[in-house]
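What follows is a short report on a single structure.
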Amino acid sequence: MTVSDIPTLNAALNATATVLITLGFIFIKQGKKDSHRAAMLTAGVVSAMFLVGYVTHKALIHGVHTPFGGEAPALRAFYYTMLITHIVLAIAIAYLVPRTFLFALKGDFEKHRKWAKVTFPIWLYVSVTGVLVYCFLYLWWPAVPA
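Its first residue numbered 4, the sequence shown is counted upward by one per residue in this note's numbering.
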């Protein structure tokens with residue numbers, strides 16, 4: 004594995020988290036509490052693995068950002084709007100997910116449900132947009148070296 008492989012691994016972890024978060028939501032709506040718990044805890048582990056990979060990649064490339072190669076103004080506006088909201092909400096998720104998990108693990112399901120109503124859509128958005136950011140930067144519109 005090389006440094007250039009890390010973004011692909013991170014995108015796979017984000018995609019996996021997206022599936023697990025979605026399954027967790029479906030399971031709880033079906034009343035399958037044990038399946039919900041397993042899916043969400045696994046999503047938490049996968050997301051933590053992503054975070055380690057992301058920070059490691061940033062450290063190894065000395066914080067240099069990956070340039071976006073899309074040139075159309077509307078495309079650039081869409082990408083940077085998505086990126087900014089992704090970053091801001093990812094910062095929030097670093098607090099919201101552990102806090103929401105804590106309520107569940109303590110058995111305070113009333114607070115857990117209230118927090119999850121906020122945490123779930125944000126976490127899902129961050130996971131989905133994480134994959135999209137990867138696709139925009141590495142698959143669809145990679146920057147062409149000068």
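Here a beta-carbon is modelled for each residue, glycine too, at the ideal position from N, C-alpha and C.
Remember, it's a predicted structure, so these values are computed and weren't measured experimentally.
{"Item": "List the whole-angstrom C-beta distance separating ILE24 from SER130, where the pair is believed to meet the contact cut-off of C-beta under 8 Å.", "Value": "6 Å"}
{"Item": "As a quick exercise: from TYR57, ILE64, PRO124, pick the residue whose alpha carbon is nearest that of THR11.", "Value": "TYR57"}
{"Item": "Does DSSP put PRO145 in a helix, in a strand, or in coil?", "Value": "strand"}
{"Item": "Quick check on the burial criterion: 16 or more other C-beta atoms within 10 angstroms. Buried or exposed for HIS39?", "Value": "buried"}
{"Item": "Under the DSSP definition of a beta bridge, which residues are partnered with PHE104?", "Value": "None; PHE104 has no bridge partner."}
{"Item": "Our contact map puts THR103 next to THR122 with C-beta atoms below 8 Å; I'd like the distance itself, whole angstroms only.", "Value": "4 Å"}
{"Item": "Pick out the complete alpha helix (DSSP H) segments inside the region 41-121, 4 residues or longer, and give them in chain order.", "Value": "76-108"}
{"Item": "Looking at the structure shown, is LYS156 part of a helix, part of a strand, or coil, going by DSSP?", "Value": "Residue 156 falls outside the range modelled here, since the chain spans only 4 to 149, and no answer is possible."}
{"Item": "Determine the closest residue to LEU54 out of LEU16, HIS115, LYS117, with distance taken between C-alpha atoms.", "Value": "LEU16"}
{"Item": "In angstroms, rounded to a whole number, what distance separates the CA positions of ALA14 and ALA42?", "Value": "19 Å"}
{"Item": "Could you check how far apart the C-beta atoms of PHE71 and LEU142 are, in whole angstroms? I think they sit under 8 Å.", "Value": "At roughly 12 Å, the Cβ-Cβ gap does not stay under 8 Å, so PHE71 and LEU142 are not in contact."}
{"Item": "In angstroms with no decimal places, state the Cα-to-Cα distance between ILE96 and GLU74.", "Value": "31 Å"}
{"Item": "DSSP state of THR19, grouped into three classes?", "Value": "helix"}
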